[in-house]
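Peer 1: Take a look at the following structure, please.
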Ligand code: GDP
Ligand code: IMO
Ligand code: MG
């Protein structure tokens, strides 16, 4: 069985926890896009793990974890993640990196930051991890693939061109920064090559064989639908396609092999970085949710912007990704709220829209249309079964399911592994 897991809002929905839940029964977990702009949290009896590049199934030794061709890999960050796991007694023997995955090179984070500075008031609020510049170079065909690390002469020749002819002139002439020393950069990357070598493979036969064996394969989405390069709030998006289509091109799995797309949503909305956010709460309710939910970015530590659940966004995601069932996370964060609002559409100049419109300035000035529901004002942290949830909480979940048009099968009632309410649907056998 093949399941694609996608984020349904603006990221940080709790994907890490759902992936960890599903990975217990998965034979393979594949990351297919994004890079270390992602931060996926998994909490087990051994404590908290925050994965940026490492697939979130890595804690299960029998689960093959693949960093797919669509990911951009910063070798420095990946090596750090590997050594952090080792320090905690976990040897990531089950990790495979696609030869085809591109690298975030040391100049990419620098260029990301410099480009952001140049944009001034129009900056995007990127994570400064070099993700946009790395994908741009991939498309320009001046990117470095992980497999290039295994070809020293090729790597040195290419560095001479890309760094010498393209990047150094930009750094020195445009930004008045120091030039990169080619020799030391080549030596540095040859060092990474040695350390990453055991993990680098052509993933085509590995994934195809797993499909032939009818293995349980989970495609781990990073970021989310509203950050999608094509369908998100462009230009306030990331530089990959976190939607279901991106999972396929980013791994090499054919669409005909996919059994289910699982959408992960949080019970309210959060967003890191700039860009339109119609249901944003700029009042004390937003502040309460941020504090109670510790809503600060996993990667950058920035306070996340908070808003009411937006079912227009969620329905858009569900339809765009062909979501078959959903997980609704962090419901417990709303435990204390007496009144909940759900944004069901927008008013733009007197006209109602039921989905995020493509025109960014229209979307920015769209006013949310809300419906209200009573909060449950009960601690739900101990709930494990549907019947354990207070009626008002169930009403909220059912209403969201109805509005977005998909059944909600998994419900997050706290950060821990066991804090889940499941509603009986078998996801992996
Ligand atoms: P991801 O990027 O979608 O994987 O999400 P993050 O890990 O960046 O952020 C989600 C945060 O919520 C993490 O700190 C998780 O440990 C936590 N979390 C996940 N599910 C739940 C839940 O149901 N309730 C609570 N309170 N926390 C949760
Ligand atoms: P996970 O997988 C939330 C946001 C950044 C910024 C925009 C572009 O943990 O849900 P980038 O560095 O990608 O060029 O930044 O995208 N962003 C995320 N926001 N969660 C993420 O990942 C994100 N990855 C990128 O904040 O607004
Ligand atoms: Mg995150």
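In the working numbering, the protein residues as written are 567 to 995. C-beta atoms are modelled at their ideal positions from N, C-alpha and C, and glycine is treated no differently. Keep in mind the model is a prediction, meaning the values are calculated, not measured.
Can you check which of these residues, 639, 650, 746, is closest to residue 709 by C-alpha distance?
Peer 2: When each option's Cα is compared against that of residue 709, the closest is 639.
Peer 1: Where do the N-terminal and C-terminal ends of the alpha helix (DSSP H) with residue 692 fall, by residue?
Peer 2: Premise fails: residue 692 is in no alpha helix (DSSP H) and is neither H nor E.
Peer 1: For residue 918, name the three-state secondary structure that DSSP assigns.
Peer 2: Correct three-state label for residue 918: strand.
Peer 1: Between residue 734 and residue 595, what straight-line distance do the alpha-carbon atoms span, to the nearest angstrom?
Peer 2: Going by the C-alpha atoms only, they are around 38 Å apart.
Peer 1: Please find out if some non-hydrogen atom of the ligand MG comes closer than 7 Å to the beta-carbon of residue 794.
Peer 2: The answer is no for residue 794.
Peer 1: Should residue 736 go down as buried or exposed, given a rule of 16 or more other Cβ atoms within 10 Å for buried?
Peer 2: Exposed.
Peer 1: Would you check whether the ligand MG has a heavy atom nearer than 7 Å to the C-beta of residue 606?
Peer 2: Residue 606: yes, Cβ under 7 Å from the ligand MG.
Peer 1: Could you compute how far the alpha carbon of residue 675 sits from the alpha carbon of residue 790?
Peer 2: About 21 Å.
Peer 1: So is the beta-carbon of residue 618 under 7 Å away from any non-hydrogen atom of the ligand GDP?
Peer 2: Checking every heavy atom of the ligand GDP against the Cβ of residue 618, none is found closer than 7 Å.
Peer 1: Could you check which residue in 817, 965, 738 has the C-alpha nearest to that of residue 568?
Peer 2: It is 817 whose Cα lies nearest to the Cα of residue 568.
Peer 1: With residue 632 as the anchor, note down where its beta strand (DSSP E) starts and where it stops.
Peer 2: Run containing residue 632: 630-633, per the beta strand (DSSP E) assignment.
Peer 1: For residue 854, verify whether its CB is less than 7 Å away from any heavy atom of the ligand GDP.
Peer 2: Not so, every heavy atom of the ligand GDP lies at least 7 Å from the Cβ.
Peer 1: Mind checking whether residue 828 and residue 889 have CB atoms under 8 Å apart?
Peer 2: Yes. Within cutoff.
Peer 1: When you measure from the CB of residue 976 to every non-hydrogen atom of the ligand IMO, does any distance come out below 7 Å?
Peer 2: Result no, Cβ not under 7 Å from the ligand IMO.
Peer 1: Going residue by residue through the segment 764-797, where are the continuous beta strand (DSSP E) segments of at least 3 residues, counting only ones entirely within it?
Peer 2: Counting whole runs of 3 or more residues, the segment 764-797 contains the beta strand (DSSP E) stretches 783-786.
Peer 1: Can you list, in chain order, the stretches of the beta strand (DSSP E) that have 3 or more residues and sit fully within the segment 617-676?
Peer 2: Those beta strand (DSSP E) runs which fall completely within the segment 617-676 and span 3+ residues are 630-633, 661-664.
Peer 1: So, is residue 705 buried or exposed, given that buried needs 16 or more other C-beta atoms within 10 angstroms?
Peer 2: By the neighbour-count rule (16 or more Cβ atoms within 10 Å), residue 705 is not buried but exposed.
Peer 1: Going by the beta-carbon positions, is the gap between residue 896 and residue 870 smaller than 8 Å?
Peer 2: For residue 896 and residue 870, no; Cβs fall outside 8 Å.
Peer 1: Quick check on this structure: which residue in 622, 600, 598 has the alpha carbon closest to the alpha carbon of residue 608?
Peer 2: Checked all of 622, 600, 598; the closest Cα to residue 608 is 622.
Peer 1: Residue range of the beta strand (DSSP E) that residue 871 falls in?
Peer 2: Taken as a continuous stretch (DSSP letters only), the beta strand (DSSP E) holding residue 871 covers 871-873.
Peer 1: Cβ of residue 927 within 8 Å of Cβ of residue 913?
Peer 2: No; because the gap between Cβ atoms is not below 8 Å, this pair is not in contact.
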